[in-house]
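Residue numbers (our numbering): 202 to 725. Using N, Cα and C, we set each Cβ at its ideal position, and we do this for glycine too.
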């Protein structure tokens, strides 16, 4: 393969920017055309609520007057708060931040590939464009979540190791500060530790001392801050999510690992695992490049260049063991995607020979390039449809129901709900969090509906907002006072959100009268 066309850095950046803007235009236009603009998951509205309250009330709280540790990514929430401080439309600001990060990640991947395969430097920009087209990453950039920022931090950490930009102390500080973005960013400590272990022996101990110092400088304030909010060292969401999806840990570990990666068919027969993960996309045909890259580094004994593969395997393994959920297109595993794409791209650039003299090599190389281009475009378009559907479901179910709550319930009403993001942002009512994200007291009874019924009654709930199928016992025999009319959720195989009046005496799991309900709740 020739070194590639001569392309200046401004031209490469301009091409990446144009691709990012094209992706944004397509995805947002499709969402507007399908229903309206919004965010594709309810959790994003949790960040928005914290950000708004931080600016308007000077409180780190989801519920006004009640400080809580319900934001997994306080740094991301603080960035979103800048938009409220500047009085910019929240969606416009959130989209802008996400797309800026997408452009930075694409550019960093291009720089990394250039460093890995300097003899093909002229083609490194193609990987930046490919990142800006990858549907998971475009979805993440417009999701209102911190997912893509974590991915960018991972690329930056390994690029810094490759280029020797940062010593162990500064890299440790960067990773420690990454905990403010997401606690799982701490797994990136693999990069500086590997760099030290594979380097000169005399530098290991002093390097580790500097690494621990830098890491502590960023991490310790985070831990103390979390402790001051909730009495725990980690956010409430860390415990709540693991408790909610603990049932998935009963599945074989191999199935959980494959599902996290997105290996097709891994979720078949495994209830609760949805199609998602990095390999559901163009990355599926880049896997040979990943193998070529790994083999090339093994032959060259460049063990340091295998560290990103070690980290990505550990990262996916961590989620497979503790939180094997794959919903929302495998968003927990998305941070490994730019890593895999950079390494696979480097392997591909070093391995393809589209102008080879041998007919077989030439045909295989050109076919591979064509397949990557076709699948990248196809999934880019399919991803726009997935994004618009996700936004439409959240807007027509969670947001519409929250707006009904704000307009049609008394101002002092207490609303119990599992999905609290849009409800907290638009509903402006006192809430009972059934997911344990802002109130961990409910975590031990997340899946015990009889205990939840007693909990709701004790907390003085007036209404229950939920998808009926999520709480069949709590909703059995109750007539909703409101049911959303959204068509997108039923079309996706789910149901409509409903709001029920909550009267403690009416809960009877066996369908009996109030007396049976009292007996069920263990009262005399």
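Does DSSP put residue 660 in a helix, in a strand, or in coil? Walking along the chain shown from the start, residue 660 turns up at place 459. Residue 660: coil per DSSP, three-state reduction.
Pull the bridge partners of residue 549 from the DSSP assignment, please. Walking along the chain shown from the start, residue 549 turns up at place 348. Paired residues: none, contrary to the question.
Taking Cβ positions, are residue 631 and residue 644 nearer each other than 9 Å? Residue 631 sits at position 430 when you count from the first residue of the chain shown. Residue 644 sits at position 443 when you count from the first residue of the chain shown. Taking 9 Å as the Cβ cut-off, residue 631 and residue 644 do not qualify as a contacting pair.
Just to confirm the assignment: which complete beta strand (DSSP E) runs, minimum length 3, are found wholly within the stretch 408 to 445? none
Collapsed DSSP secondary structure at residue 263 in the structure displayed: Numbered from 1 along the chain shown, position 62 holds the residue referred to as residue 263. Strand.
How about residue 583: is its C-beta nearer than 9 Å to some C-beta of chain B? In the structure shown, chain B cannot be found, because there is only a single protein chain.
Cβ atoms of residue 540 and residue 513: under 9 Å apart, would you say? The sequence position of residue 513 within the chain shown is 312, counting from 1. The sequence position of residue 540 within the chain shown is 339, counting from 1. In contact: residue 513 and residue 540 (Cβ atoms closer than 9 Å).
Does the Cβ of residue 340 have 16 or more other Cβ atoms within 10 Å, making it buried, or fewer, making it exposed? Your numbering for residue 340 matches position 139 in the chain shown. Residue 340 comes out buried.
Name the residue from 234, 322, 358 whose alpha carbon lies nearest to the alpha carbon of residue 373. Working through the chain shown from its first residue, we reach residue 373 at position 172. Per the Cα distances, 358.
Please report the residue range of the beta strand (DSSP E) in which residue 633 lies. Sequence index remark: in the chain shown, residue 633 carries index 432 (1-based). It spans 631 to 634 - the beta strand (DSSP E) in which residue 633 sits, taken as one unbroken run.
If you reduce the DSSP assignment to three classes, tell me which class residue 528 lands in. Your numbering for residue 528 matches position 327 in the chain shown. Residue state, collapsed to three classes: helix.
Within 10 Å of its beta-carbon, does residue 311 have 16 or more other beta-carbons around it, so buried, or fewer, so exposed? On the chain shown, position 110 is the one that residue 311 refers to. Buried is the label assigned to residue 311, since at least 16 other Cβ atoms lie within 10 Å of its Cβ.
What do you get for residue 703, buried or exposed, if any count of 16 or more other CB atoms within 10 angstroms of its CB means buried? Residue numbering aside, residue 703 sits at position 502 when the chain shown is read from its first letter. So residue 703 ends up on the buried side.
Neighbourhood of residue 568 by C-beta, 6 Å cutoff - its chain only, sequence neighbours within 5 removed: Against the chain shown, residue 568 aligns to sequence position 367. So no residue of the chain qualifies.
Own chain, CB closer than 7 Å to residue 515, minus 5 neighbours either side, in chain order: The residue you call residue 515 lines up with position 314 of the chain shown. If we look at residue 515 and ignore the five residues flanking it on each side, its Cβ neighbours are 388, 391.
Nearest-angstrom Cα separation, counted from residue 523 out to residue 363: If you number the chain shown from 1, residue 363 lands on position 162. If you number the chain shown from 1, residue 523 lands on position 322. In this structure, the straight-line span from the alpha carbon of residue 363 to that of residue 523 is close to 30 Å.
Below 7 Å CB to CB, which residues in the same chain sit around residue 724 once its five sequence neighbours on both sides are set aside? Counted from its first residue, the chain shown places residue 724 at position 523. Confidence at residue 724 is low in this model, with a pLDDT of 34, below 50, so its placement is unreliable and the value that follows should be read with caution. Around residue 724: no qualifying Cβ.
Grab me the residues of residue 221's own chain with a C-beta within less than 6 Å of its C-beta, minus the 5 sequence neighbours each way, in chain order. Residue numbering aside, residue 221 sits at position 20 when the chain shown is read from its first letter. Answer for residue 221: 300, 303, 304, 333, listed in chain order.
Delimiting residues of the alpha helix (DSSP H) encompassing residue 245: As a position in the chain shown, residue 245 is number 44, starting the count at 1. Run containing residue 245: 244 to 258, per the alpha helix (DSSP H) assignment.
Specify whether the stretch 679 to 696 and the stretch 573 to 587 touch according to this definition: at least 3 beta carbon pairs, one from each stretch, less than 8 Å apart. no
Using only the alpha-carbon positions, how far apart do residue 421 and residue 380 sit? In the chain shown, counting from the first residue as 1, residue 421 sits at position 220. In the chain shown, counting from the first residue as 1, residue 380 sits at position 179. Cα-Cα distance, rounded: 10 Å.
Relative to the C-alpha of residue 237, which candidate in 595, 262, 225 has its C-alpha closest? The sequence position of residue 237 within the chain shown is 36, counting from 1. Of the candidates 595, 262, 225, the one whose C-alpha sits nearest the C-alpha of residue 237 is 595.
Is it a yes or a no for the stretch 534 to 552 touching the stretch 345 to 357, going by three-plus beta-carbon pairs under 8 Å? Yes, since at least three Cβ pairs between the stretch 534 to 552 and the stretch 345 to 357 fall closer than 8 Å, the two stretches touch.
Would you mind stating whether residue 355 and residue 509 have Cβ atoms separated by less than 9 Å? Here residue 355 refers to the residue found at position 154 of the chain shown. Here residue 509 refers to the residue found at position 308 of the chain shown. The answer is yes: Cβ separation under 9 Å.
In its own chain, which residues sit with a C-beta less than 7 Å from the C-beta of residue 486, not counting the 5 before and 5 after it? The residue labelled residue 486 in the question sits at position 285 within the chain shown. So the list reads 572, 573, 576, once near-sequence residues are dropped.
Three-way DSSP call (helix, strand, coil) for residue 666 in this model: Start at 1 with the first residue of the chain shown, and residue 666 comes out as number 465. Residue state, collapsed to three classes: strand.
Considering residue 701, what are the terminal residues of the alpha helix (DSSP H) in which it resides? Indexing the chain shown from 1 puts residue 701 at position 500. Looking at the DSSP string, residue 701 is not in any alpha helix (DSSP H); the run it does join, the beta strand (DSSP E), is 699 to 702.
According to DSSP, is residue 616 part of a helix, a strand, or is it coil? On the chain shown, residue 616 is found 415 positions in, with the first residue counted as 1. Three-state result, residue 616: strand.
Are three or more beta carbon pairs between the stretch 247 to 257 and the stretch 618 to 626 nearer than 8 Å? yes
Quick check on DSSP: helix, strand or coil for residue 520? Taking the first residue of the chain shown as position 1, residue 520 is located at position 319. Helix at residue 520.
Have a look at residue 449 and residue 693 and give me their C-alpha separation to the nearest angstrom. Mapped onto the chain shown, residue 449 falls at position 248. Mapped onto the chain shown, residue 693 falls at position 492. Cα to Cα, residue 449 sits roughly 22 Å from residue 693.
Helix, strand or coil at residue 684 [DSSP, three-state]: Position 483 of the chain shown, counting from 1, holds the residue named residue 684. Strand.
Run the CB neighbour count on residue 496, radius 10 Å, all protein chains shown included, and call it buried at 16 or more, exposed below. To locate residue 496, count along the chain shown from 1; it is residue 295. Label assigned to residue 496: exposed.
Straight-line gap, residue 720 to residue 637 (C-alpha atoms, nearest Å): Stepping through the chain shown from its first residue, residue 720 is reached at position 519. Stepping through the chain shown from its first residue, residue 637 is reached at position 436. Low confidence applies here, because residue 720 scores a pLDDT of 33, under 50, leaving its location unreliable; read the following figure in that light. So the alpha carbons of these two residues sit roughly 27 Å apart.
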